[in-house]
Amino acid sequence: MAKQKKHPTGTIAQNKKARHDYFIEQRFEAGMVLAGWEVKSLRAGKAQLVDSYVLLKDGEAWLLGSHISPLTTASTHVIADPTRSRKLLLNKRELEKLFASVQQKGYACVCTSLYWSKHLIKCEIALGKGKKEYDKRDTERERDAGRELQRAVRNKGKED
1 MAKQKKHPTG TIAQNKKARH DYFIEQRFEA GMVLAGWEVK SLRAGKAQLV
51 DSYVLLKDGE AWLLGSHISP LTTASTHVIA DPTRSRKLLL NKRELEKLFA
101 SVQQKGYACV CTSLYWSKHL IKCEIALGKG KKEYDKRDTE RERDAGRELQ
151 RAVRNKGKED
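Residue numbers (full-length UniProt numbering): 1 to 160.
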């Protein structure tokens, strides 16, 4: 009987800027169409999602702006484009829901993270409404207040 290979687990890359710039309302899990060298690079953790976004056109979803750095050892005969557009795999109902929502003013579709699901690489897509500058400051103020509260609770028993 053959040995079972252990599947990689965990998050490959996160887009923290998306959580700062948008109110995340709905999340979707999408598969990705990748080349072999891209999978090898993702196993090594060579991905960035900072300025990535999802473009919806012709009944398909495309991930644009993501950067997957090619490994030097991966392939010599393939010319690797690190910022190429990658097709996202969603079912028809999810695509229709995204199309309808993005048509509304202020809504955008962004990639928030890449992660392993068993042996497959998945992309978490979020439907978000853009934040204004004062909303960003308010969110930061709430986060700081929560941090101070946690510090006070943690240090309460140590003062005695």
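Where is the CB? At the ideal position from N, CA and C, for every residue including glycine.
Treat the numbers as computed from the prediction; the structure is a model and nothing was measured.
Meets three-Cβ-pair contact criterion under 8 Å: the region 137-153 and the region 29-46: Touching, no, given that fewer than three Cβ pairs across the two stretches are closer than 8 Å.
Proximity winner among Ala-44, Gly-31, Gly-45, Glu-94, relative to Gly-59 (alpha-carbon distances): What you label residue 59 is simply residue 59 of the sequence shown in a count that begins at 1. If we check each option's Cα against that of Gly-59, Glu-94 comes out closest.
Extent of the continuous alpha helix (DSSP H) run through Tyr-100: Walking along the sequence shown from the start, residue 100 turns up at place 100. Residue identity check: residue 100 is Ala in the sequence provided, not Tyr. First-last of the alpha helix (DSSP H) with Ala-100: 92-103.
Pairwise C-alpha distance: Pro-70 and Ile-79: By one-based count along the sequence shown, residue 79 stands at place 79. By one-based count along the sequence shown, residue 70 stands at place 70. Whole-angstrom Cα-Cα distance: 10 Å.
Test item: CB-CB of Gln-48 and His-20 under 7 Å: As a position in the sequence shown, residue 48 is number 48, starting the count at 1. As a position in the sequence shown, residue 20 is number 20, starting the count at 1. No, the pair does not count as a contact, with Cβ atoms beyond the cut-off.
N- and C-terminal bounds of the beta strand (DSSP E) containing Lys-87: Your numbering for residue 87 matches position 87 in the sequence shown. Residues 86-89.
For Thr-9, the three-state DSSP class (helix, strand or coil): What you label residue 9 is simply residue 9 of the sequence shown in a count that begins at 1. Coil.
Among Ser-85, His-119, Ile-12, nearest to Val-54 - alpha-carbon criterion: On the sequence shown, position 54 is the one that residue 54 refers to. Selection Ser-85, His-119, Ile-12 evaluated against Val-54 yields Ser-85 as nearest (Cα-Cα).
Unbroken alpha helix (DSSP H) run spanning Lys-156, endpoints: Here residue 156 refers to the residue found at position 156 of the sequence shown. Run containing Lys-156: 133-156, per the alpha helix (DSSP H) assignment.
Identity of the residue in Lys-156, Ala-152, Thr-112, Leu-120 nearest Ser-52 by Cα: For the purposes of this step, residue 52 is taken as the residue at position 52 of the sequence shown. When each option's Cα is compared against that of Ser-52, the closest is Thr-112.
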